[in-house]
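Scroll down for the structure; my scribbles are underneath it.
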Amino acid sequence: MAVLTTNKIMNAAYWRIKHKDVFHMKSLYIMMYEWLVEQNWAKRDEDFPEKTYLQNEAAQGGTELWIFWRFKKDPFRDRAPHGVSKFWEWRIRIDFHIILLKDIEVMHQGQKFKTNSGEVEMKIWADQYLDPEGEWDKHPFLRNWINIFRGRVFKEEAETLKLELYKEAYRLQDAVKTYLKLKRWYPEPEEMG
Numbered sequence: 002m003a004v005l006t007t008n009k010i011m012n013a014a015y016w017r018i019k020h021k022d023v024f025h026m027k028s029l030y031i032m033m034y035e036w037l038v039e040q041n042w043a044k045r046d047e048d049f050p051e052k053t054y055l056q057n058e059a060a061q062g063g064t065e066l067w068i069f070w071r072f073k074k075d076p077f078r079d080r081a082p083h084g085v086s087k088f089w090e091w092r093i094r095i096d097f098h099i100i101l102l103k104d105i106e107v108m109h110q111g112q113k114f115k116t117n118s119g120e121v122e123m124k125i126w127a128d129q130y131l132d133p134e135g136e137w138d139k140h141p142f143l144r145n146w147i148n149i150f151r152g153r154v155f156k157e158e159a160e161t162l163k164l165e166l167y168k169e170a171y172r173l174q175d176a177v178k179t180y181l182k183l184k185r186w187y188p189e190p191e192e193m194g
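In our numbering, the protein residues as written are 2 to 194.
And the structure:
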């Protein structure tokens, strides 16, 4: 894969969630997995793009986890008239860091449930890549024109796609915040009437 210069990467979104409370780690993992499969970032039956899963039993009595997911998506997949694009690519990087994860039992409505307690921190980067395979850089004629195409010809399309990626990244944030019962900064659909 070719080395990408900074003018070929458009940062669409970045967000971070840090939450220390009672939550169920396995359910959070499955919820995010299902959301990403549903949004066509990964396929259920193929290898899930989990690059790293490290688990360390901490001296304080809890578990520490590092989980890194890396996703790629063609923004034109399943769309007419394009269908596919070799010129645009969306990428989402998700990093989890969980510390002091402990198994606990809680009482809810008179019943005992097994769950987890700890601190989870998630960081998400959503980026849009122009010519991700570097085909224009390899072409003797086109490599001199890529910045003109990016700055003028594809500028409106690039901004439209970047906004779509931004919205998708924040829909994921909304799903995570809903699961963790954290405040969201816009009205929930039920409340809108």
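Positions of the beta carbon are idealized from the N, C-alpha and C atoms, including for glycine.
As the structure is a prediction and not an experimental result, all values here were calculated from the model.
Is Ala218 near Tyr171, with beta carbons less than 8 Å apart? There is no way to answer for residue 218, as the model of the chain reaches only from 2 to 194.
Can you tell me whether Trp146 is helix, strand or coil according to DSSP? coil
For Phe27, is the classification buried or exposed, using 16 other Cβ atoms within 10 angstroms of its Cβ as the cut-off for buried? With the sequence shown as reference, residue 27 is identified as Lys, and Phe is not the correct amino acid for it. The residue in question, Lys27, is exposed, as its Cβ has fewer than 16 Cβ neighbours within 10 Å.
Select from Tyr180, Phe142, Phe97, Asp175 the residue whose C-alpha is nearest the C-alpha of Glu196. An answer regarding residue 196 cannot be provided, because it is not within the stretch 2 to 194 covered by the chain.
Start and end of the beta strand (DSSP E) containing Asp128? 112-131
Nearest-angstrom Cβ-Cβ length linking Leu102 and Leu66, presumed shorter than 8 Å: 6 Å
Buried/exposed call for Leu164, threshold 16 Cβ in 10 Å: exposed
Span of the beta strand (DSSP E), counted from its first residue to its last, around Ala170: From DSSP, Ala170 is part of no beta strand (DSSP E) but of the alpha helix (DSSP H) over 156-181.
On the DSSP letters alone, give me the boundaries of the alpha helix (DSSP H) that Trp36 sits inside. 26-39
What do you get for Gln129, buried or exposed, if any count of 16 or more other CB atoms within 10 angstroms of its CB means buried? buried
From Gly194 to Trp146, what distance separates their C-alpha atoms? The predicted position of Gly194 is uncertain, since its pLDDT is 48 and thus under 50; no value can be drawn from it.
Residue from Leu162, Ala43, Lys44 with nearest C-alpha to Phe77: Leu162
Span of the beta strand (DSSP E), counted from its first residue to its last, around Glu51: 51-58
Only counting the same chain, and skipping five residues up and downstream in sequence, which positions put a Cβ closer than 7 Å to that of His109? none
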